[in-house]
Amino acid sequence: MKHILLTGATGFLGKVVLSELLRRKEELQWASVTCLIRPRRTQNAQQRFAKEIKRSRCFAQSSALDWSKVSVVEGDLGFEGCGLKPEDVHLLRDQTTHVIHCAASIDFDLPIEKATLSNVTSALNMLELAKSCEALQHMVSVSTAYVNKPTKGSLPIDEKLVPLKKPASRLLDAIHDDPQKAETLIAENGYPNSYTFTKCLTEHLLVERKAQVPLSLVRPSIVSAALQHPVPAWIDSQAAFAAFVSLVGGGYMRALKGKPSNRLDIVPVDVVADRIINRTFEVDGLKRKNWAQNTVVLHAVAGPNNSERIDVCCKTVEEYFQKSPLDRQPKVVHLGPRGLLFRGWEALVHQLPSDALTWGARLTKDKKLARKAQLLKSRLLYTNQAFENFTHNEYHFTSSAPLSEAGFNRVAYIENVCRGVRTFLWRKNPKRVTLAGESHIHRENDLVWAGFKPKGNLAIRTFGYLLRKMARQGIKQLSFDEDSFREALAQVPPGHRLVVVPTHRSYTDFLVCSYLFFERPDLGVSIPYIAAAEEFSKIPVLGELFKHTHAFYIKRGQGKEDVGLSDMVNNLIEENQTLQFFIEGTRSRSRQFLKPRRGLMRALQNTGANFAVLPVSISYENLPEEDMLLQELRGNPKPKMQLSALLKWTTKLIRGDVHLGQIHAKCGAPCVLNKKSDVPTLANKVMAELQKNTVATEYHLRAFLMRHPQLNVSLADLKAAIQRRGGEVLSSTLQPKEGMRWEQELCLRYQWQHWFYGDVANAYPSNPALSHHLEQNQYHCVEGLGHPHASPELSGLLRVLMAPVVESYRVAAQLVAEGKSVLSPQEVVRQKDQVHLPFVENAFNYLVAERLLARDEEGRFTAGEETEKAQLLRDAFAMTEKPVWMMSRGEA
C-alpha cells in the first residue's frame, strides 16, 4: 500500500502535485495522502487546508475528486521533529512509504539566515523523519534548476550535483555561527541570491546525510501556468515570469532589463508536477538505481528547444494584452541589458512618473494613492533587479525526462500564461468581461474615453458616451463572453465578410453590438451597419441621427426584392463593411425564438460574395420595454414608436426607477453563407446557435421557483440540471418582485427552458400539443438525459413548464368544439385567463394545419372543414399520461 506524505501543499506547485495525485489515483493505486501544513497565527492546519487548498480554484473544476483519503497533520518543518505531535509522528513512521517535499521559500531577497531555515533546515528535518519511516520506499525533494551556473555558448548542463567552494557542512556551520558575515558566502560560491545558494546547499546536505534513504532531487526551471491540468492556464502565484507578465500586461513595466536574444526556460506547473510524481513512483521510464550509493537528479525543464527568446516573450505579452487589456495599454519602450541606457529609460518611464504621482497625491493629501505609487515603483525596481541573473545569462539544461508534449508551441504557451495571469491573478473572467454598468470600473472620464477610441464618427462617439453614462443608472452589468467571440472570429475563413446577427428582444439590441465593437476595437470587428425596420426612420430627430450611427432602413413583408435595399447592401459589401441584421425580423414580445426571416440572407447570397454569419445572443434579466411588451401579450395592439415615450423612459432611468439587472452577449460558431448555401437550412442553423448561447441568470430561475413553491427543487438543483445539459447560468443578486405577473415569468423561461425540450420529447412523445410546441420552438437540439437521471422532481418540473402550453392549446380547441364564432388569438387572450398569447398563436396555426381552422385572404381565422374533431383533439392535448420513464418503471 502506498501512503504519501506531502509538504508544501498550500503552495503553487504543491497544489498541483496534490491535484495530480487525486486525478491519477486509480493509475497510481495509492492508499492515502497526508499533507503536513504549518499553522498560522489565526488559522490551524485544518483551517488552512479547507481555505487555501480545498477552496482553491485549482480544485474547483472537478467534482469527481475523492478527498476521503486525504488527511492533514499540523507541523512546522523549521523545528526538530518537524513540529509534529507525538501521535502524528507514530502514525507517519508506521505508514509512510513515499515522501514528496515541495515546501520552500522562493523569496530571492531573504537574509541568508531565514533562507537557510526555510530551505535547508526544513529539508533536513524532513529527511530525519523519512529515515524513521519503517516502510519508506522513496523520498523526492524539490530543488531548482538554477542551482546550476550559467554556461557560455550552448554547453549543456547535466543532471548532477554542482560543486561548492567548501564542504556543505562547513558552510552551514558558518551560517549558523555568524549570519551577517555569511552573506558573503552567496557571491563567493557564484550565486546571485540566497534562494539559489541555499537550494544548492540543501542538495549537498541531503546527499551527505541520507544514509540508506532512497532519494531523488527534482529541479524545475521557471515554473508557470498549467498547460492542461487542473485546467489550462491555471496559476495562483505572482512570482517569477508571472510577475513580468502582470507588470508588462498591466501597462506598468515599460523598461525591461535583459538581453533580447536570451531564452527563458519556462515550464508548465503540471509538467513539473507529473515529473515529480512519476519520479516518486518510478513510472517515468527511469530505471531503479542503487540508492544506497546514488541519488537521482532530474531536471524538470522546458529545455533549449522549447524555450523562447526574451524579446519574443515581451512582444507576445504586449500583443496579448493589447487585445485583452488589464488596466493600461501595454507598451515596452526599451528592452536591453544592464547599463547606462537602461538606467536612463528606467528613470524616465518608471521612476519619474511614480515620483510625480507620489508628490501629486501628497499635495492632495491622498495617502492611499501615494503609498500605491511608491509600492509600484519598488515592485518595478525589484522585478528588474531580482531576475537579472535569468535575463542576462543562458542556461542549456539537459533532462532524462524532457518536455515532450505533442505540439508544444512556445508562443502559444506564453499566451497561455498571459491568459492565466488575466483570469486567475487579475480575476478577469474571459467569459464575463464587463463593458459598462454599475459594477464596471471606469478608469477614464467618459468624454475622454469616447473621444480617444480609434473608430467611430461623432454620432457613434456621442451614443457611446450616453450609453456608458446611462448604463450606470439602470444596468448592473453589461458584459460579454470574450472567449466565445475570439473563438468564433478565429474560425472565420479568410476572405469572408462579417455579418453580425443578434437575437432581438429589445430596441437596446441595436446598441449592444455597436457599443461592444466600439469599446473593444482589439476584437478586430468594425462597427456594423445595421438593418433597421422602417418605423425607426419615422421617429422625430432620432430617425435621422440613427443613420449617422450606421443604421439603414428596410421595409419588411413586401414579398418581393427591394431594389434600394439591394443597392445599399452591395455598396456596403464593396466597402468591406460589417453588416448587422436581426434574423427574427421583429422584437420577440415574449423572448420566444421566432421563425427566421430569410430575405436579407437571400439578398446577401445574391451578391455572390462569401460571408461569415456571427450569431450573437444578447440575454437580459429585465427588458427596458418589459411593461409595454406585457401589454401586447395581453392582446393589446402594438403601440407606435414615439420620441415622447423614449424621453419618459429616460426620465425614469435618471431618477433611478429602472433596474434592468444584467445584460450579457455571447457569440456562437460562425455560419458560412455563399452561393451554394441552402438558406432555410442555414437560417435554422443560425437560430440554433442563438438559442444554444442564450444564457440564464439566477434571477430567471428565482422567478420561476417563486411562482412554483410546490416543486421540490432548489435554485442550486435547477442550476445544476441546466448546466448538466450544456446551459450556462450566471450568478445574480437581483431578486424578482413579489407579485410578478405570470405572463412575465413565462417570458423569463425562454432564457433556459429549451435545455429541457429533449426531456419533454422523451417524457411525452405522443402529446400533439407538446410535439407541435417543440417543433415551433426547438432549434438547438438537446437530448434528454434519459432514465438514469429521471426522477419525480424532473417529472414535476416538466409538467409545470409545459402546463401553460397544454392549457393554451386546449382552450383553442375548446373554442372550435363549442362552435362559437372564431376569435383571433389576441381576442382569446383578452377573454380567457391563464392562456399565453404565443402559445395560443401556435395553437391556432396547428389547428389550421389540421383543418379545424382556416384563414381567409385577409389573414382572419374562420371555421375549417373538420371542426368535428375539435373535442377529440382537445382531449389528446391533455397532460394526463405519465412520463414514459415512469410508465416503464410502473411508478405512479
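To convert, count from 1 in the sequence shown and add 24; that's our numbering.
Glycine included, every Cβ here is placed at the ideal spot set by N, Cα and C.
For clarity, every value in this text was computed on a predicted model and none was experimentally measured.
Under DSSP, the alpha helix (DSSP H) around residue i begins and ends at which residues?
i, result
"F345", "I334 to K347"
"Y219", "S218 to R233"
"Q501", "First-last for Q501: I499 to F504, but that is the beta strand (DSSP E), not the alpha helix (DSSP H)."
"K281", "It is not in any alpha helix (DSSP H) - K281 instead sits in the beta strand (DSSP E) that spans A279 to K281."
"Y406", "K391 to A410"
"Y170", "Here Y170 belongs to no alpha helix (DSSP H), and DSSP marks it neither H nor E."
"P244", "It is not in any alpha helix (DSSP H) - P244 instead sits in the beta strand (DSSP E) that spans L239 to P244."
"A267", "F265 to G273"
"F305", "V293 to F305"
"H796", "P792 to N801"
"V472", "D470 to G475"
What do you reckon, are the CB atoms on residue i and residue j nearer than 7 Å?
i, j, result
"A633", "R510", "no"
"S348", "L288", "no"
"E558", "Y577", "yes"
"S756", "T721", "yes"
"C805", "R615", "no"
"V523", "S270", "no"
"V835", "K856", "yes"
"G539", "E645", "It is worth fixing the name first, because residue 539 is Tyr in this sequence and not Gly. No; because the gap between Cβ atoms is not below 7 Å, this pair is not in contact."
"D294", "Q346", "no"
"K155", "V237", "yes"
"S508", "K690", "yes"
"V457", "F504", "yes"
"R875", "E865", "no"
"V637", "V525", "yes"
"R352", "G275", "yes"
"R243", "H323", "yes"
Could you give the C-beta distance for residue i and residue j, rounded to a whole number, given that I count them as a contact under 8 Å?
i, j, result
"H574", "Y553", "4 Å"
"A264", "L427", "About 17 Å separates the two Cβ atoms, so there is no contact after all."
"S248", "I290", "5 Å"
"F421", "S245", "7 Å"
"K39", "I77", "6 Å"
"V171", "T220", "6 Å"
"L185", "V231", "7 Å"
"R492", "A460", "5 Å"
"L714", "V753", "Not really, about 18 Å apart at Cβ, beyond 8 Å."
"V164", "T304", "5 Å"
"I551", "I484", "6 Å"
"I678", "Q497", "6 Å"
"A693", "A512", "6 Å"
Could you give the first and the last residue of the continuous beta strand (DSSP E) run that contains residue i?
i, result
"W54", "W54 to I61"
"M25", "M25 -> no beta strand (DSSP E), and no H or E assigned at all."
"H200", "Not the beta strand (DSSP E): H200 falls in the alpha helix (DSSP H), residues A192 to D201."
"V525", "R521 to P526"
"Q686", "G685 to C691"
"Y553", "Y553 to A557"
"I210", "Premise fails: I210 lies in the alpha helix (DSSP H), T208 to E212, not in any beta strand (DSSP E)."
"R456", "Element bounds for R456: n/a, residue is neither H nor E."
"G38", "Premise fails: G38 lies in the alpha helix (DSSP H), F36 to R47, not in any beta strand (DSSP E)."
"P639", "F635 to Y644"
"A436", "Element bounds for A436: not the beta strand (DSSP E) but the alpha helix (DSSP H), R434 to G444."
Taking 6 Å as the cut-off, does the CB of residue i come closer than this to any heavy atom belonging to the ligand SAH?
i, result
"S402", "Questions concerning the ligand SAH fall outside what the structure shown contains, since it holds no ligand whatsoever."
Any 3 or more C-beta pairs closer than 8 Å across the stretch 823 to 830 and the stretch 773 to 793 | Three or more pairs of CB atoms, one per stretch, sit closer than 8 Å, so the stretch 823 to 830 contacts the stretch 773 to 793.
Say whether the stretch 124 to 132 touches the stretch 199 to 211, bearing in mind that this needs 3 or more beta-carbon pairs closer than 8 Å, one atom from each stretch.
-> The stretch 124 to 132 vs the stretch 199 to 211: no contact.
At least 3 beta-carbon pairs within less than 8 Å: the stretch 60 to 67 vs the stretch 89 to 104 = Between the stretch 60 to 67 and the stretch 89 to 104, the count of C-beta pairs closer than 8 Å reaches three or more; the two stretches touch.
Are there three or more Cβ pairs, one per stretch, closer than 8 Å when the stretch 456 to 468 is compared with the stretch 271 to 286?
-> Result no; under three Cβ-Cβ pairs closer than 8 Å.
In chain order, which alpha helix (DSSP H) runs of at least 4 residues are fully inside the stretch 571 to 620?
-> Qualifying alpha helix (DSSP H) stretches, in chain order: 587 to 598.
Decide if the stretch 771 to 783 is in contact with the stretch 864 to 871; the criterion is three or more beta carbon pairs, one per stretch, under 8 Å apart.
-> Contact fails: fewer than three Cβ-Cβ distances are below 8 Å.
Does the stretch 139 to 158 come close enough to the stretch 292 to 304 that 3 or more CB-CB pairs lie under 8 Å?
-> No: the two stretches stay apart, fewer than three of their Cβ pairs being nearer than 8 Å.
Along the chain, which unbroken stretches of the alpha helix (DSSP H) at least 4 residues long are found entirely within the stretch 708 to 742?
-> For the stretch 708 to 742, whole alpha helix (DSSP H) runs of length 4 or above, ordered along the chain, are 722 to 731.
Are the stretch 177 to 194 and the stretch 222 to 231 touching by the rule of at least three beta carbon pairs closer than 8 Å?
-> Yes, the stretch 177 to 194 touches the stretch 222 to 231.
Report yes or no: do the stretch 541 to 548 and the stretch 648 to 661 share at least 3 C-beta pairs separated by less than 8 Å?
-> Taking 8 Å as the limit for Cβ pairs, the verdict is that the stretch 648 to 661 does not touch the stretch 541 to 548.
Would you say the stretch 729 to 738 touches the stretch 756 to 766, given that touching needs at least three Cβ pairs under 8 Å?
-> As far as the Cβ criterion goes, the stretch 729 to 738 touches the stretch 756 to 766, which means the pair count is three or higher.
Unbroken beta strand (DSSP E) runs of length 3 or more, entirely within the stretch 812 to 894: which are they?
-> Listed in chain order, the complete beta strand (DSSP E) runs (minimum 3 residues) inside the stretch 812 to 894 are 877 to 879 and 885 to 887.
Ignoring anything shorter than 4 residues or poking outside the stretch 61 to 134, list the alpha helix (DSSP H) runs there in chain order.
-> Listed in chain order, they are 69 to 72 and 110 to 119.
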